[in-house]
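Shown next, in C-alpha cells, is the structure this report addresses.
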Amino acid sequence: MNFITVKNYEELSHIAAKIIASQIVVKPNTVLGLATGSSPVGAYKKLIEKCNAGDLDFSSVKTVNLDEYVGLDDENDQSYRYFMNDNLFDHINIDKANTYVPNGCADDFDKECEIYDNRVKAFGGIDLQLLGIGIDGHIGFNEPDEFFVGPTHVVDLDESTIKANSRFFESEDAVPRKAVTMGMMSIMQAKKVLLIANGAAKKEIVEKAFFGPITPLVPASILQLHPDLTVIYSEN
Ligand code: GLP
Numbered sequence: 081m082n083f084i085t086v087k088n089y090e091e092l093s094h095i096a097a098k099i100i101a102s103q104i105v106v107k108p109n110t111v112l113g114l115a116t117g118s119s120p121v122g123a124y125k126k127l128i129e130k131c132n133a134g135d136l137d138f139s140s141v142k143t144v145n146l147d148e149y150v151g152l153d154d155e156n157d158q159s160y161r162y163f164m165n166d167n168l169f170d171h172i173n174i175d176k177a178n179t180y181v182p183n184g185c186a187d188d189f190d191k192e193c194e195i196y197d198n199r200v201k202a203f204g205g206i207d208l209q210l211l212g213i214g215i216d217g218h219i220g221f222n223e224p225d226e227f228f229v230g231p232t233h234v235v236d237l238d239e240s241t242i243k244a245n246s247r248f249f250e251s252e253d254a255v256p257r258k259a260v261t262m263g264m265m266s267i268m269q270a271k272k273v274l275l276i277a278n279g280a281a282k283k284e285i286v287e288k289a290f291f292g293p294i295t296p297l298v299p300a301s302i303l304q305l306h307p308d309l310t311v312i313y314s315e316n
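Counting in our numbering, the sequence shown runs from 81 upward without gaps.
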C-alpha cells in the first residue's frame, strides 16, 4: 500500500487528479470506477480544467460508478447520476453513453445488479477505481456487516450513513434508506485502487481501515489485500 499524507484538500485533489489523468494518458480507453460524495469534487474540478485546456481526452474513456440511492431517478438532484453529470460529465468530452451509474429505480434489482457486474466484466474490469470512505468505513455503500459481499447488491443504509449524508438533503427523513452498490468483487478486481479521505473526522476510521485488522465490520479494510492500493489522506 502506498499511503500518502498531504497537508490539505487542495493537495489531495491535485495528486488524485494527477493519478487519474496519468491513467487516461497511458490508456486512453481506460475504464474508470468513479465515486460520489464531497471528497472527489476537488479532483473532478481539476480533471475538468485539464480537459478544457486540451491536456486530457475523455472521448474513449468509460466510467462505472459505485452506487446509487434506491428510489431516486436521474432527474432527481440528489441522485448520484445527477451528481456525476453536474460535477464531471457535463463539463468534459466524455460520451455520456459510456458513463454508467446503477439504476436506482430498477423494476428488478436482482437483474439490474447482474447486468451491472456483467458489464464491468465485459469491459475487462476496472482499470482505476476511485473511492472515498464513509465515517463507518463503508466504500461505495458497502456497510459494516458480518461478511464482505462480492456482487453488486441492494443494501440498507446504516443510521450513521443516513445522518452523515443528510447534509445533502432537506432533512434526515428525506435520505433514502436503501441503495444499490457495487460489491467488493468489482472493487477488489480493479487493477488499481485510489482512496481519498480528508478531514479530522475521518482520521480514526482511516487508521482502523488501513492499519487495523481486516474485517467486514470495517469494509474498507479489505483494501489492505489489494496489490495496487494508494490512499491519500489529509487531516485538514
Ligand atoms: C457516500 C458514498 C461513498 C462516499 C461516502 C463518503 O456514502 N456512497 O461512496 O465515499 O459517501 O462521502 P464524503 O466524501 O462526502 O465524506
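No residue lacks a Cβ here, since even glycine has one placed at the ideal position from N, Cα and C.
Going by beta carbon distance, what residues of the same chain come within less than 7 angstroms of residue 203, once the five residues before and after it are set aside? 111, 142
Suppose you measure from the CA of residue 226 to the CA of residue 214; what does that come to, to the nearest Å? 17 angstroms
Taking residue 83 as the reference, give the member of 89, 298, 277, 184 with the closest Cα. 277
Name the DSSP bridge partner or partners of residue 222? DSSP output for residue 222 lists 219 as bridge partner(s).
Check whether the region 161-177 touches the region 283-291, counting contact only when three or more Cβ pairs, one atom from each stretch, lie closer than 8 angstroms. no
With the cut-off set at 8 angstroms, would you say residue 275 and residue 303 are in Cβ contact? yes
Going by beta-carbon coordinates alone, are residue 159 and residue 122 separated by less than 8 angstroms? Not in contact: residue 159 and residue 122 (Cβ atoms no closer than 8 angstroms).
So for residue 315, helix, strand or coil by DSSP? coil
Cα-Cα separation between residue 325 and residue 248, rounded to whole angstroms: For residue 325 there is no data in the structure shown, the boundaries of the chain being 81 and 316.
Uninterrupted alpha helix (DSSP H) stretches inside the region 187-216 (no shorter than 4 residues): 189-202
Segment contact flag, the region 206-223 with the region 189-198, C-beta cutoff 8 angstroms, min 3 pairs: By the Cβ criterion, the region 206-223 is not in contact with the region 189-198, since fewer than three pairs of Cβ atoms, one from each stretch, lie closer than 8 angstroms.
Which of helix, strand or coil does DSSP assign to residue 82? strand
Between the C-alpha atoms of residue 85 and residue 316, what's the straight-line distance to the nearest angstrom? 11 angstroms
Nearest residue (CA-CA) to residue 146, options 114, 234, 120: 114
DSSP three-state assignment for residue 146, whether helix, strand or coil: coil
Provide the residue span of the beta strand (DSSP E) that contains residue 276, from first to last. 272-278
Could you tell me the boundaries of the beta strand (DSSP E) in which residue 233 lies? 233-236
Tell me the DSSP secondary structure of residue 283 in three-state form. helix
Over what stretch of residues does the alpha helix (DSSP H) that includes residue 101 continue unbroken? 89-106 is the extent of the alpha helix (DSSP H) around residue 101.
Using only the heavy atoms of ligand 1, determine whether one of them is closer than 7 angstroms to the beta carbon of residue 213. yes
For residue 263 and residue 229, which I take to be in contact (beta-carbon distance under 8 angstroms), what is that distance rounded to the nearest angstrom? 5 angstroms
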